[in-house]
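Participant:
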Amino acid sequence: MTSTPALQSGDRVLVGSTLVTVDEAFAGSLMPGDVVLGIASSGQLRRIPQDVHALSRQRVKDALTAFHRLQDASTMQVNRFFAVSAERLGDDSLFESVARANQADVEAAVARGRSTTRLVLSEKMRSEMIAAFKMWESVDMSFNSLQDTITHAGWEVQQWKAPLGVIGFVFEGRPNVFADATGVLKGGNTVVFRIGSDALRTAKAIMDVVVHPALAESGLPADCVVLLDSVEHAAGWALFSDNRLSLAVARGSGEAVSELGSIAQQSGVPASLHGTGGAWMIVGQKADADRLSFVVQHSLDRKVCNTLNVVCITADRAAKLVPVVYEAAEQAASVRGLRCRVHAVNGAEEFLPESVSIEVKRADGLHLEQQITVSHQQDLSHEFEWEENPEFFIVLVTDVAESVRLFNEFSPQFVVSAVSEDAAERDHVWKAANAPFVGDGFTRWVDGQFALLRPELGLSNWQSGRLFARGGVLSGDSAFTVRLQVKQTDPGLHR
């Protein structure tokens, strides 16, 4: 990073291994005191306004101070925080102001043609947040616990799980992630987070109505949970370039998450990235049609990272099973009074109805589109970000082995489901598919709270390699370090 106004149009800057020429538009945007950040992975320059950089630095400092104070807090205090949070979020009179703020966020997003599928703080989302707070209240504290003891003659070594520090968390405009983020307190950690600008009003209301009062009532440091109150994307860049963070967690769109991860890593901050999703379903030659219908329908109920994106069907069963998948998707769409969108690959269109023009709801409104279109195999890496109309690929393959090869080549290596009554086919997918999450039914089970009873900070894919020393679900109590303590009973011990 460098401060401005040192850079001028035409200057050349070494960013990673790339010489980047500063163009006139970028140079003209710089103000005295701004910080310029070079991103080594892409050779891009990013401007961080002086006030945004200062705000981020101060908020990390606040959270670091709170982290040291938190180590003296009792389990009772931490549990009380979650109990009060659940109570206040469940109080209709208090929730009114949060609901008004969320409605304002939704209206503003609609006016800008932005997606609102994850932005609306529905009663279901509210109930899930309350359940998450109550769950965190009930689980054991996960820090300062003895994990193992190695005994020697005259001395022993104890391995202790210990808090990690300040966790930086950048996520899309999803209000429910608040409950997930506060879970870091169970591990003795503090958090600074930036929420997408679409949900900033909602975030501030939740901080005012729920988080701040709960911290005060439980006697925890006020800056254990810190909202980086800025609409600027640069706030995320500033946060992740602060090497006082012990972990940087990013979730959202693939490109943005990748850039944030690069910023953290080049700043010496470990990163946990949760971006590109899209689940695959491999339908075996021994698949049961009724089971397939159920699992497809329940994998397309809404668009999130674990939603069904690609269905692979063997060509010898296409006449029977392609219509089953299509009808199941139509059933999922009919709940909203809409139709599904299918992209056919490798001849799957031969087993689908004749395409008709349908209404498709996009972020910017309704569009008339062909229901069934032909795509190519190389398109399978695309993740559909649909609003209301379920949208996915159906691709024909020769066998399960080819399905796995396509998954390993084109998918984000995230979620795969093997639907077959043949154990050998399911076992082949388990052994050969390079994915952290493998099932034999619907894909939407991949969720920390649903599957592991732990609200998640995010779900990791293996697109950039397998994860080191932890699972693909990152939850509040899974961010920790290990300390060693020696107790020596023999004063004459030597080497």
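If you're matching positions, the sequence shown starts at -4 in our numbering and goes up one per residue.
Backbone N, C-alpha and C fix where the C-beta goes; we use that ideal spot for every residue, glycine too.
These figures come from a predicted structure and were not determined experimentally.
Less than 7 Å between the beta carbons of Lys119 and Ala81, yes or no?
Facilitator: No, these two residues do not count as a Cβ contact at 7 Å.
Participant: Looking at the structure shown, is Thr(-1) part of a helix, part of a strand, or coil, going by DSSP?
Facilitator: Its pLDDT being 49, under 50, Thr(-1) is placed unreliably in this model, and the value from its coordinates should be taken loosely. Residue state, collapsed to three classes: coil.
Participant: Taking 7 Å as the threshold (C-beta atoms), are Asn384 and Arg336 in contact?
Facilitator: Contact: yes.
Participant: Between Met71 and Val290, what straight-line distance do the alpha-carbon atoms span, to the nearest angstrom?
Facilitator: One C-alpha to the other measures close to 42 Å.
Participant: Nearest to Ala157 by CA position, among Leu65, Ser329, Asp442, Lys315, is which residue?
Facilitator: Closest by alpha carbon: Leu65.
Participant: Using the three-state DSSP reduction, which class does Met276 fall into: helix, strand or coil?
Facilitator: DSSP places Met276 in strand when its eight states are reduced to three.
Participant: Taking His338 as part of the beta strand (DSSP E), name the residues at either end of that continuous run.
Facilitator: Unbroken beta strand (DSSP E) run through His338: 336 to 340.
Participant: Is the beta carbon of Leu114 closer than 7 Å to that of Gly33?
Facilitator: Going by C-beta atoms, Gly33 is not nearer than 7 Å to Leu114.
Participant: Do Gln279 and Val395 have their CB atoms nearer than 7 Å?
Facilitator: The sequence shown places Gly at residue 279, not Gln. Yes. Within cutoff.
Participant: If I measure Cβ to Cβ from Leu363 and keep anything under 7 Å in the same chain, skipping five residues before and after, which residues do I get?
Facilitator: Correct list, in chain order: Ser352, Glu354.
Participant: Between Val187, Val165, Val101, which has its C-alpha nearest Gln53's C-alpha?
Facilitator: Of the listed residues, the one whose Cα sits closest to Gln53 is Val187.
Participant: Is the beta carbon of Asp175 closer than 7 Å to that of Phe431?
Facilitator: For the sequence presented, residue 431 should be read as Pro rather than Phe. No.
Participant: Determine the closest residue to Leu89 out of Gln153, Val206, Ala22, with distance taken between C-alpha atoms.
Facilitator: That would be Val206, whose Cα lies nearest to the Cα of Leu89.
Participant: Where are the beta strand (DSSP E) runs, 3 residues long or more, that stay fully inside the stretch 219 to 262, in chain order?
Facilitator: With a minimum length of 3 residues, the continuous beta strand (DSSP E) runs that stay inside the stretch 219 to 262 are 220 to 222, 242 to 246.
Participant: In chain order, what residues of the same chain have a beta carbon less than 6 Å from the beta carbon of Leu268, not counting five sequence neighbours either side?
Facilitator: Answer for Leu268: Ala245, Val252, Gly256, listed in chain order.
Participant: What beta strand (DSSP E) runs, 3 residues minimum, are completely inside the stretch 369 to 401?
Facilitator: List check, beta strand (DSSP E) in window: 386 to 392.
Participant: May I have the straight-line CA-CA distance separating Thr393 from Asn341, to the nearest angstrom?
Facilitator: Distance between the alpha carbons of Thr393 and Asn341 is about 10 Å.
Participant: Who are the near neighbours of Gly231 in its chain, counting only those whose CB is closer than 7 Å to its CB and skipping five residues on each side?
Facilitator: Result list for Gly231: Val165, Arg189, Leu255, in chain order.
Participant: Are three or more beta carbon pairs between the stretch 131 to 144 and the stretch 461 to 478 nearer than 8 Å?
Facilitator: Counting Cβ pairs under 8 Å, three or more are found: they touch.
Participant: The beta strand (DSSP E) spanning Lys356 covers which residue range?
Facilitator: Element bounds for Lys356: 352 to 357.
Participant: Would you say the beta carbon of Gly178 is closer than 6 Å to some non-hydrogen atom of the ligand MG?
Facilitator: By its list of ligands, the structure shown contains no ligand whatsoever, and the ligand MG lies outside what it can speak to.
Participant: How many angstroms separate the CA atom of Val468 from the CA atom of Glu19?
Facilitator: Cα to Cα, the separation comes out at about 44 Å.
Participant: Measuring straight from C-alpha to C-alpha, what distance separates Arg239 and Leu141?
Facilitator: Roughly 26 Å between the two C-alpha positions.
Participant: On the premise that Phe405 lies in contact with Ser376, defined as a C-beta separation below 8 Å, what is that separation, rounded to the nearest angstrom?
Facilitator: Yes, Ser376 and Phe405 are in contact; Cβ-Cβ is about 5 Å, under 8 Å.
Participant: Would Gly183 be called buried (16 or more neighbouring beta carbons within 10 Å of its own) or exposed?
Facilitator: So Gly183 counts as buried.
Participant: Buried or exposed for Asp237, please, with buried defined as at least 16 other CB atoms from any protein chain shown within 10 angstroms of its CB.
Facilitator: When all chains shown are included, Asp237 counts as buried.
Participant: Can you tell me whether Ile145 is buried or exposed? The criterion is at least 16 other CB atoms within 10 Å of its CB, across all chains shown.
Facilitator: Ile145 comes out exposed.
Participant: May I ask you to list the residues that DSSP assigns as paired with Ala413?
Facilitator: DSSP output for Ala413 lists Ile277 as bridge partner(s).
Participant: Quick check: what's the CA-CA separation for Thr(-1) versus Val30?
Facilitator: Because Thr(-1) sits at a pLDDT of 49, beneath the cut-off of 50, its placement in the model cannot be relied upon, and the following sentence gives the value as read from the coordinates. Looking at the two C-alpha atoms, the distance is approximately 6 Å.
Participant: Any idea if Lys298 is buried or exposed, counting beta-carbon neighbours within 10 angstroms, 16 or more meaning buried?
Facilitator: Buried, because 16 or more other Cβ atoms sit within 10 Å of the Cβ of Lys298.
Participant: Can you tell me whether DSSP reads Gly85 as helix, strand or coil?
Facilitator: Helix.
Participant: Let me know the beta strand (DSSP E) ranges lying completely inside the stretch 5 to 46, each 3 residues or longer, listed in chain order.
Facilitator: Counting only runs of 3 or more, we get 7 to 10, 13 to 16, 30 to 34, 39 to 43.
Participant: Any chance you could list the alpha helix (DSSP H) runs of at least 4 consecutive residues sitting entirely within the stretch 413 to 461, in chain order?
Facilitator: Correct list: 418 to 427, 443 to 447.
Participant: Does the Cβ of Glu349 have 16 or more other Cβ atoms within 10 Å, making it buried, or fewer, making it exposed?
Facilitator: By the neighbour-count rule (16 or more Cβ atoms within 10 Å), Glu349 is not buried but exposed.
Participant: What residue range does the beta strand (DSSP E) around Arg478 cover?
Facilitator: 475 to 483 is the extent of the beta strand (DSSP E) around Arg478.
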